[in-house]
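Asks:
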Amino acid sequence: MNKIPVYLAALIFIVMLFVSTWSSNHPDVPGTPALTASSQALQPEAIPSSPVVEPSSEPQDPVEPRDAQGDKPDAVSAAADVTASPSAQSVKTSSAKPQSSTKASAQTPQVSRANSLKTDVNKYPKLSVSKGIYGQFRYRELSGGRIEIDPQWVEENIVYVKLPGVNRTVPVHRLAQDRFIQAFTTIANGTATVNGKKVSLLSLVRTFDGTWVPRHVNWNASKGLSNHSWGIAVDINASNHLRYVNPQTETNDPNLILWQKAFQPAGFKWGNSYSDSMHYELY
Ligand SMILES: [Zn+2]
7 MNKIPVYLAA LIFIVMLFVS TWSSNHPDVP GTPALTASSQ ALQPEAIPSS PVVEPSSEPQ
67 DPVEPRDAQG DKPDAVSAAA DVTASPSAQS VKTSSAKPQS STKASAQTPQ VSRANSLKTD
127 VNKYPKLSVS KGIYGQFRYR ELSGGRIEID PQWVEENIVY VKLPGVNRTV PVHRLAQDRF
187 IQAFTTIANG TATVNGKKVS LLSLVRTFDG TWVPRHVNWN ASKGLSNHSW GIAVDINASN
247 HLRYVNPQTE TNDPNLILWQ KAFQPAGFKW GNSYSDSMHY ELY
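For the sequence shown, this note's numbering assigns the number 7 to the initial residue and increments by one for each residue that follows.
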């Protein structure tokens, strides 16, 4: 009979002991937020992670042709795979994306060379040199020094960005877009002194003459491929800048000023050294 009061007293004692111990450890905490916090912290672990269901890695070959130019013999794909890096391949297989033609800047971060190599080598028999992070592509010759690049490479690498100041939406390599935006943000906001007068950098851009253009240097098929083919170059004020600008004697030349103020700080090189002062490039 008198056992109950003893248990009750013991229970009260334990509770009081716990409360006093806890509050002495948390003197500045009113209420019981710590308990809440700890229970929250425990919660995720308490839930057993449900068994991951393998999505039965469906290697389903897309039956339908990707686009008008997309059918590719399997033998070619297999041969091309040999040269592809394993990481690139795994990216490819895990994200077999539909070939919609959205050229969003939010592409998958790791676009692989494997993709570009899995291309109809009969249609695009030539392989460009590699431009480091900007990659390489298959292509075929067109007339007039033009080339046509493997559309899959284009899909994966060329994005359209709106350039500040000139307010034009232009195609560039996805890995070059930040540099382009940096340079043209400077052009949009910067000034320079020309003949003793302060002018906007934007006023020095008289003509905007192209970014991504798949072609040979000087549109001459006997020359190498222009960096314009990779979307990593831009031409400005073309009409009177297929020439060398002397930085000592032509200090007011707009392309020299644009180089010094906008393009060099953004990491571009200037084509002036080979008498192509309209040309700024990232490689
Ligand atoms: Zn150029």
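Each residue gets a CB set at the ideal place from its N, CA and C atoms; glycine is no exception.
Does DSSP put residue 256 in a helix, in a strand, or in coil?
Replies: Stepping through the sequence shown from its first residue, residue 256 is reached at position 250. Looking at residue 256 - three-state DSSP - the assignment turns out to be coil, as it is neither helix nor strand.
Asks: For the putative contact between residue 258 and residue 201, defined by C-beta atoms under 8 Å, what is the C-beta separation to the nearest angstrom?
Replies: By 1-based counting over the sequence shown, the position of residue 258 is 252. By 1-based counting over the sequence shown, the position of residue 201 is 195. That belief holds up - the Cβ atoms of residue 258 and residue 201 are roughly 6 Å apart, short of 8 Å.
Asks: What residue range is occupied by the uninterrupted beta strand (DSSP E) comprising residue 241?
Replies: Walking along the sequence shown from the start, residue 241 turns up at place 235. 239 to 241 is the extent of the beta strand (DSSP E) around residue 241.
Asks: Give every residue of the same chain whose Cβ lies closer than 6 Å to the Cβ of residue 220, excluding the five residues on either side of it in the sequence, and list them in chain order.
Replies: What you label residue 220 is simply residue 214 of the sequence shown in a count that begins at 1. Once the five neighbours on either side are set aside, the close Cβ partners of residue 220 are 153, 155, 235.
Asks: In three-state DSSP terms, what is residue 34?
Replies: Here residue 34 refers to the residue found at position 28 of the sequence shown. Residue placement at residue 34 is poorly supported in this model, since its pLDDT is 37, which falls under 50; the coordinates still yield a value, given next. In the structure shown, residue 34 adopts coil according to DSSP, grouped into three states.
Asks: Which residues bound the beta strand (DSSP E) around residue 174?
Replies: Here residue 174 corresponds to residue number 168 of the sequence shown, with the count starting at 1. Counting along the chain, the beta strand (DSSP E) containing residue 174 begins and ends at 174 to 179.
Asks: When every heavy atom of ligand 1 is checked, does at least one fall within less than 7 Å of the C-beta of residue 222?
Replies: Within the sequence shown, numbered from 1, the residue matching residue 222 stands at position 216. Result no, Cβ not under 7 Å from ligand 1.
Asks: Using a threshold of 7 Å, is the CB atom of residue 234 nearer than that to any non-hydrogen atom of ligand 1?
Replies: Working through the sequence shown from its first residue, we reach residue 234 at position 228. The answer is yes for residue 234.
Asks: Taking Cβ positions, are residue 227 and residue 151 nearer each other than 8 Å?
Replies: The count along the sequence shown starts at 1 and reaches residue 227 at position 221. The count along the sequence shown starts at 1 and reaches residue 151 at position 145. Taking a C-beta distance under 8 Å as the contact criterion, residue 227 and residue 151 qualify as a contact pair.
Asks: From residue 231 to residue 277, what distance separates their C-alpha atoms?
Replies: Numbered from 1 along the sequence shown, position 225 holds the residue referred to as residue 231. Numbered from 1 along the sequence shown, position 271 holds the residue referred to as residue 277. For residue 231 and residue 277, the distance between alpha carbons rounds to 15 Å.
Asks: With residue 185 as the anchor, note down where its alpha helix (DSSP H) starts and where it stops.
Replies: The residue given as residue 185 occupies position 179 in the sequence shown. 183 to 195 is the span of the alpha helix (DSSP H), which, as asked, contains residue 185.
Asks: So, with DSSP's three-state summary, where would you put residue 166?
Replies: As a position in the sequence shown, residue 166 is number 160, starting the count at 1. The answer is strand: DSSP assigns residue 166 an E or B state.
Asks: Less than 8 Å between C-beta atoms, sequence neighbours within five positions excluded: which residues of the same chain meet that for residue 225?
Replies: In the sequence shown, the residue the question calls residue 225 occupies position 219. Result list for residue 225: 150, 151, 152, in chain order.
Asks: Where does residue 93 fall in DSSP's three states?
Replies: To locate residue 93, count along the sequence shown from 1; it is residue 87. Any reading at residue 93 needs caution, since the residue's pLDDT is 38, under 50, leaving its predicted position unreliable; the model's value is listed next. It is helical.
Asks: Got a sec, what are the start and stop residues for the beta strand (DSSP E) residue 221 sits in?
Replies: Residue 221 sits at position 215 when you count from the first residue of the sequence shown. From DSSP, residue 221 is part of no beta strand (DSSP E); its letter is neither H nor E.
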